[in-house]
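Just below is one structure, and these are the notes that go with it.
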Amino acid sequence: MKRSIKYFLSIGLIMIIGLLSTGCGSNKATLNVYNWGDYIDPDVIKEFEKEFNVKVNYNTFATNEDMYVSIKKGGTSYDVAFPSDYMIERMIDEGLLEKINKEKIPNLSNIEDRFLDLDFDPNNEYSVPYMWGTVGIIYNKNLVDDVVDSWNILWNEKYSGQILMLDSQRDSIAVALKKLGYSMNSRDRKELEEAKEELIKQKPLVYAYVGDEVKDLMVGEEAALAVVWSGDAVAMIRENENLEYVIPKEGTNLWFDNMVIPKGGKNKELAEEFINFMNRPEIAARNTDYIGYSTTNYKALEYLPEDIVNSKVAYPADEEIGEVEIFKDPKDFLKVYDEIWLEIKAQR
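Residue numbers (the numbering used here): 282 to 629.
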């Protein structure tokens, strides 16, 4: 689920690549890619353009919900997008995705079996795995003197003004639900109301609801605790040895980001070439090394430094993850989640 401190640099580089390629001939095919911010090595885009003699238009989104709205309303035809598990389920149900011709993706064989045939797309008819990880708490060992093993610490008044929460309704509501001992996929109005009240109670303690900026804030020691995706934690710990990542004992979210082909795209075959290219072991390894997230491509591990492959943050053993849930599409409860999030964000 996304995201590095090199964000603006990488996006700027990609924009420059796009501008340069525009002047290199109008006969080139164009591939429109829609991805999370800083979720690919920009040199990989450049290499794909050169090898296939195409132009890549690369745009980014901050949340699954932003991506969904953009594709749902149309206007821009994306050829490849990178949604997460529950959003893929919703997009399949609503007919927003093309089936993928797996004969065009021979590098699908490089994906570890445990990341295939998951509930949100049982036969991988519509999606190809990209990255995976957990949601947890990163904290600064010099600023936090309590044991960090529970979501409860994010409600500790001692750390008022030093807590960062994700600006993501599913993730932040999920944290409150797990704190209360409920499922992250709750469709119980009473449980969701309790979660809302917990987040409203917590809000005066929160420094900010954040996205990519969480990395700069934690590395710069401007906050003590933050809810983050594990890949961001890997990137932050690389830059500040005072930071540590934990998965709370109440359990957490196990997430998967996949590549899909939205309906309406004009270059399905080129999109499949791109997806296959992204699953070459050396390309998958370069993306993993650049962004810090965990690859689903087991052959890519051979190309990665030992400190990444052996990282318990990036590649925890099953017993280290503990109780986890994969997000599911709330379907008819989506409106309830939306209303709760609006009420929380409206609090001052």
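All residues carry an ideal CB built from backbone N, CA and C; glycine is no exception.
Report task. List the endpoints of the continuous alpha helix (DSSP H) containing V500. Result -> Sequence index remark: in the sequence shown, residue 500 carries index 219 (1-based). Taken as a continuous stretch (DSSP letters only), the alpha helix (DSSP H) holding V500 covers 495 to 500.
**Report entry** Assumed close pair K496, A516 - CB separation to whole angstroms, cut-off 8 angstroms
**Finding:** As a first step, residue 496 must be located in the sequence shown, where it is residue number 215. As a first step, residue 516 must be located in the sequence shown, where it is residue number 235. Confirmed, about 6 angstroms.
Requested in this report: Kindly list the residues whose CB is nearer than 8 angstroms to the CB of N560, restricted to its own chain and excluding five residues on each side of it in sequence; keep chain order.
Outcome: Locating residue 560 in the sequence shown gives position 279, where the first residue counts as 1. Taken in chain order, the residues that qualify are I386, N388, L389, N391, I392, V409, N578.
Report task. Leaving aside the five residues before and after E620 along the sequence, list all residues of the same chain whose C-beta is less than 6 angstroms from its C-beta, in chain order. Result -> One-based indexing of the sequence shown puts residue 620 at position 339. Closer than 6 angstroms at Cβ, skipping near neighbours: no residue.
Query raised in the report: What are the boundary residues of the alpha helix (DSSP H) that A457 is part of?
Result: Indexing the sequence shown from 1 puts residue 457 at position 176. Residues 450 to 460.
Query raised in the report: Since Y488 is in the alpha helix (DSSP H), which residue starts that stretch and which ends it?
Result: Taking the sequence shown and counting its residues from 1, the one referred to as residue 488 is at position 207. Looking at the DSSP string, Y488 is not in any alpha helix (DSSP H); the run it does join, the beta strand (DSSP E), is 487 to 491.
**Report entry** E370 and Q450 closer than 8 angstroms at C-beta
**Finding:** For this step, residue 370 is matched to residue 89 along the sequence shown. For this step, residue 450 is matched to residue 169 along the sequence shown. Not in contact: E370 and Q450 (Cβ atoms no closer than 8 angstroms).
Requested in this report: Could you pull out every residue in the same chain whose Cβ sits closer than 6 angstroms to the Cβ of L480, ignoring the five residues on either side in sequence?
Outcome: If you number the sequence shown from 1, residue 480 lands on position 199. Within the same chain, L480 has close Cβ partners A457, I625.
Query - Identified DSSP bridge partners for A598 - result: Taking the sequence shown and counting its residues from 1, one reaches residue 598 at position 317. Answer is none; A598 lacks a bridge partner.
Report task. Pair every Cβ in the segment 453 to 469 with every Cβ in the segment 560 to 575, then say whether three or more of these pairs are closer than 8 angstroms. Result -> no
Report task. Report yes if the CB atom of A595 is closer than 8 angstroms to the CB atom of S575, and no otherwise. Result -> On the sequence shown, residue 595 is found 314 positions in, with the first residue counted as 1. On the sequence shown, residue 575 is found 294 positions in, with the first residue counted as 1. Closer than 8 angstroms, so yes.
Requested in this report: Starting from V361, follow its DSSP beta bridges and name the residues at the other end.
Outcome: Position 80 of the sequence shown, counting from 1, holds the residue named residue 361. In the DSSP assignment, V361 is bridged to V314.
Requested in this report: Can you tell me which of E503, E604, N405 puts its alpha carbon nearest to the alpha carbon of N421?
Outcome: Here the question's residue 421 lines up with position 140 in the sequence shown. Taking only the C-alpha atoms, the option nearest N421 is E503.
Query - Rounded separation between I419 and E525 - CA only - result: Numbered from 1 along the sequence shown, position 138 holds the residue referred to as residue 419. Numbered from 1 along the sequence shown, position 244 holds the residue referred to as residue 525. Distance between the alpha carbons of I419 and E525 is about 5 angstroms.
Query raised in the report: Taking C-beta to C-beta, are I260 and Y407 nearer than 8 angstroms?
Result: Within the shown structure, residues of the chain are numbered from 282 to 629, placing residue 260 beyond reach of any answer.
Requested in this report: Using 10 angstroms around the beta-carbon of N316, count the other beta-carbons present and answer buried if the total reaches 16, otherwise exposed.
Outcome: In the sequence shown, counting from the first residue as 1, residue 316 sits at position 35. Buried: at least 16 other Cβ atoms inside 10 Å.
Query raised in the report: What is the C-beta distance between Y411 and M499, in whole angstroms, given that I count them as a contact (C-beta under 8 angstroms)?
Result: Along the sequence shown, one-based indexing puts residue 411 at 130. Along the sequence shown, one-based indexing puts residue 499 at 218. That pair is no contact at about 24 angstroms.
Query raised in the report: For K331, which option in Y349, V314, L399, A310 has the closest C-alpha, if you only look at C-alpha atoms?
Result: In the sequence shown, the residue the question calls residue 331 occupies position 50. Looking at the Cα atoms, A310 is the closest of the given residues.
Query raised in the report: When you compare only the Cα positions, how much space is there between R629 and K336?
Result: Reading the sequence shown from its first residue, position 348 is the one you call residue 629. Reading the sequence shown from its first residue, position 55 is the one you call residue 336. Those two C-alpha atoms are separated by around 45 angstroms.
Query raised in the report: Hey, quick one: how far does the alpha helix (DSSP H) through T569 stretch, first residue to last?
Result: One-based indexing of the sequence shown puts residue 569 at position 288. Note, T569: alpha helix (DSSP H), 562 to 572.
Report task. Give me the Cα-Cα distance between I556 and I381, rounded to the nearest whole angstrom. Result -> Within the sequence shown, the letter at position 275 stands for residue 556. Within the sequence shown, the letter at position 100 stands for residue 381. Rounded to whole angstroms, I556 to I381 spans 10 angstroms at the Cα level.
Query - C-beta atoms of D610 and S365 nearer than 8 angstroms - result: As a first step, residue 610 must be located in the sequence shown, where it is residue number 329. As a first step, residue 365 must be located in the sequence shown, where it is residue number 84. Their beta carbons are not under 8 angstroms apart, which means D610 does not touch S365 by this criterion.
Query - Nearest-angstrom beta carbon gap, N313 and Y359 [assumed within contact, 8 angstroms] - result: Working through the sequence shown from its first residue, we reach residue 359 at position 78. Working through the sequence shown from its first residue, we reach residue 313 at position 32. Confirmed, about 5 angstroms.
Query raised in the report: Between which two residues does the beta strand (DSSP E) containing K336 stretch?
Result: Looking up residue 336 in the sequence shown gives position 55. Residues 335 to 342.
Report task. Consult DSSP for D532 and reduce its assignment to one of helix, strand or coil. Result -> What you label residue 532 is simply residue 251 of the sequence shown in a count that begins at 1. With the sequence shown as reference, residue 532 is identified as Gly, and Asp is not the correct amino acid for it. The answer is coil: DSSP assigns G532 none of H, G, I, E or B.
Report task. Alpha carbon to alpha carbon, how far is G545 from L615? Give it in angstroms, no decimals. Result -> Indexing the sequence shown from 1 puts residue 615 at position 334. Indexing the sequence shown from 1 puts residue 545 at position 264. Each residue's Cα considered, the two are about 25 angstroms apart.
**Report entry** Element boundaries [beta strand (DSSP E), containing S408]
**Finding:** On the sequence shown, position 127 is the one that residue 408 refers to. S408 -> beta strand (DSSP E) spans 408 to 421.
Query raised in the report: Between the Cα of A552 and the Cα atoms of M372, T344, I454, F333, which residue gives the shortest distance?
Result: Position 271 of the sequence shown, counting from 1, holds the residue named residue 552. Answer by Cα proximity: F333.
Query raised in the report: Between E604 and G532, which are expected to be in contact by the criterion C-beta below 8 angstroms, what is the C-beta distance as a whole number of angstroms?
Result: Translated into the one-based positions of the sequence shown, residue 604 becomes position 323. Translated into the one-based positions of the sequence shown, residue 532 becomes position 251. 4 angstroms between Cβ atoms; contact.
Query raised in the report: How should G355 be labelled, buried or exposed, when 16 other C-beta atoms within 10 angstroms of its C-beta is the threshold for buried?
Result: Here residue 355 refers to the residue found at position 74 when the sequence shown is read from its first residue. Answer is exposed; the Cβ neighbour count stays below 16.
Requested in this report: Answer with buried or exposed for P586, where buried requires no fewer than 16 other C-beta atoms within 10 angstroms of its C-beta.
Outcome: By 1-based counting over the sequence shown, the position of residue 586 is 305. Per the 10 Å Cβ criterion, exposed.
Query raised in the report: Where DSSP assigns a beta bridge to Y349, which residues make up the other side?
Result: Numbered from 1 along the sequence shown, position 68 holds the residue referred to as residue 349. Answer by DSSP bridge pairing: none, since Y349 is not bridged.
Requested in this report: Compare the C-alpha of G376 against each of S441, I352, V416 and name the closest.
Outcome: As a first step, residue 376 is located in the sequence shown; it is residue number 95 there, counting from the start. The shortest C-alpha separation from G376 is found at I352.
Requested in this report: Would you grab the beta carbon distance between I607 and D448 for me? Rounded to a whole angstrom, and I think it's under 8 angstroms.
Outcome: To locate residue 607, count along the sequence shown from 1; it is residue 326. To locate residue 448, count along the sequence shown from 1; it is residue 167. Going by Cβ atoms, the distance from I607 to D448 rounds to 21 angstroms, so no, they are not a contact pair.
Query raised in the report: Just reading off the alpha helix (DSSP H) that Y367 is part of, what are its end residues?
Result: Counting from 1 along the sequence shown, the entry for residue 367 is found at position 86. Unbroken alpha helix (DSSP H) run through Y367: 366 to 374.
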